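Below, the structure is given as structure tokens:
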């Protein structure tokens, strides 16, 4: 495979003959944010490189709302958009006893829009909610569609999982992506990784 | 050499039917593991996954599935049903695909979680999230069906993702 690029911050052997071979990848880590002991009120991936075709976010989330159980709400903020009525969501959910669908075709303001989910702080210790978020064609001039797969099991009656889609009714390229928990903070050990996929 | 982001750790293609598949000595250098399974089984059954071959009663799961005529959700908690392993799907006799994401498998600050989608071409489409209530790092995976055997030709690929 021919070398197509070196990322800023690449650490490794050089590509000189005689050294170990370099293998380029079409699935690259852009950035990881790990929440420390102080917690985090939100996380944002800023200045997202525009050189990829798609993005994937892989996250483990837990909130500091120790008085709550189950999966809490989690806001999505694209390009800092918290003011306009540009978000919509549809999802299918299983809560361990019932499968159902929720969402709607009407758009909502950021303040009413939540998706993906964050494990509440009152759940079984050491458990987190899994979020796998796919953003396709994030630099295109189309409205943006996002797919997510999320869930958690706590060995209680409060676990659930869902598959959903989000519409951001905006044709701008995505340059930043943020997550904001309903809980006061994301708790320690919550983790968010952003990957770029070439196409 | 810098660590590639999405790397094939090991592939197993069965040349004969087997009762189980094991991935040993999993490198601890990645953040997540992705397990891809494509194949068939001698009978319809549940695929269980035991990290580190742990048979303790500390597993649980929540699932959602559609059969073509109904959609439903189920759950299993321990103690009681929690010795089998993490539920990662349902191998079918006519073909099935499982895509399993095992998150932060080497992080000793959390229990281990896996989320999977799986399809059985003769039965259903489904998703499941499983919990192994151990903070131990995962160094091996033991996969087995609850009944019958895994058929020859079935493929198992384990990938590592850095973060």
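Chains as they are written, first to last, in the working numbering: chain A, 2 to 200; chain B, -15 to 147.
For glycine and all other residues, C-beta sits at the position ideal for the given N, C-alpha and C.
Predicted, not measured: the structure shown is a model, and the values here were computed from it.
The DSSP assignment places complete beta strand (DSSP E) segments of no fewer than 3 residues inside the stretch 30 to 106 of chain A at 44 to 46, 55 to 62, 75 to 79, 88 to 95, in order along the chain. Annotation for residue 37/B: 126 place their beta carbon closer than 6 Å to its own, counting only its chain and skipping 5 residues before and after. Annotated three-state conformation of residue 127/A is coil, per DSSP. Under the three-state reduction of DSSP output, residue 62/B falls in the coil class, being neither helix nor strand. Counting along the chain, residue 182/A sits inside the beta strand (DSSP E) bounded by residues 178 to 182.
DSSP, reduced to helix, strand and coil, places residue 72/B within a strand of the structure shown.
Secondary structure at residue 95/B: coil, using DSSP grouped into helix, strand and coil. For residue 15/B, the C-beta contacts it makes with chain A under 7 Å involve 194, in order along the chain. Close partners of residue 95/B in chain A (Cβ separation under 7 Å): 127, 128. For residue 40/A, the CB contacts under 8 Å within the same chain, skipping 5 residues up- and downstream, are 65, 185, 186, 187, 188, 189 in chain order.
For the pair residue 118/A and residue 75/A, the CB atoms are nearer than the 7 Å cut-off.
Per DSSP, the continuous beta strand (DSSP E) segment holding residue 16/B begins and ends at 16 to 23. The DSSP-derived three-state label of residue 171/A is coil. Around residue 100/A, the same chain offers 93, 94 as residues with beta carbons nearer than 8 Å, after the five sequence neighbours per side are excluded. For a Cβ distance threshold of 9 Å, residue set 125, 128, 153, 154, 155, 156, 160 of chain A lies close to residue 115/B, ordered along the chain.
Per the DSSP secondary-structure output, residue 148/A pairs in a beta bridge with 135/A, 166/A. Looking at -9/B, 57/B, 137/B, the one whose alpha-carbon comes closest to that of residue 159/A is 57/B. Residue burial annotation: residue 156/A is buried, with at least 16 other C-beta atoms found within 10 angstroms of its C-beta. Taking a Cβ-Cβ cut-off of 7 Å, the neighbours of residue 47/B in chain A comprise 95, given in sequence order.
Residue 155/A carries a coil assignment under DSSP once its states are collapsed to helix, strand and coil. Looking at 200/A, 147/A, 152/A, the one whose alpha-carbon comes closest to that of residue 168/A is 147/A. Partner residues in the beta bridge of residue 139/B, as assigned by DSSP, are -3/B, 22/B. Not a single C-beta of chain B is nearer than 7 Å to the C-beta of residue 53/A. Residues of the stretch 56 to 77 of chain A that bring their beta carbon within less than 7 Å of a beta carbon in chain B comprise 59, 61, in sequence order.
Leaving aside the five residues that flank residue 57/A on each side, the residues in its chain whose CB is nearer than 6 Å to its CB run, in chain order, 135, 196. Taking a C-beta distance under 7 Å as the contact criterion, residue 42/B and residue 141/B do not qualify as a contact pair.
If you draw a straight line from the Cα of residue 172/A to the Cα of residue 142/A, it is about 5 Å long. Scanning its chain for C-beta atoms nearer than 7 Å, with the 5 sequence neighbours on each side dropped, one finds around residue 28/A the residues 196, 198, in chain order. By the neighbour-count criterion, in which a residue is buried when 16 or more other Cβ atoms sit within 10 angstroms of its Cβ, residue 92/B is exposed. For the stretch 58 to 86 of chain B, the beta-carbon criterion of a distance under 7 Å to any beta-carbon of chain A is satisfied by 58, 59, 61, 62, 85.
Shortest Cα-Cα distance from residue 139/A to any of 42/A, 26/A, 152/A, 55/A involves 55/A. The Cβ atoms of residue -11/B and residue 135/B do not sit closer than 7 Å to each other. Taking a C-beta cut-off of 8 Å against chain B, the contacting residues of the stretch 28 to 45 of chain A are 28, 29, 30, 33, listed in chain order.
The beta carbon of residue 26/A sits closer than 7 Å to some beta carbon of chain B. According to the DSSP secondary-structure assignment, residue 34/B is paired through a beta bridge with 126/B.
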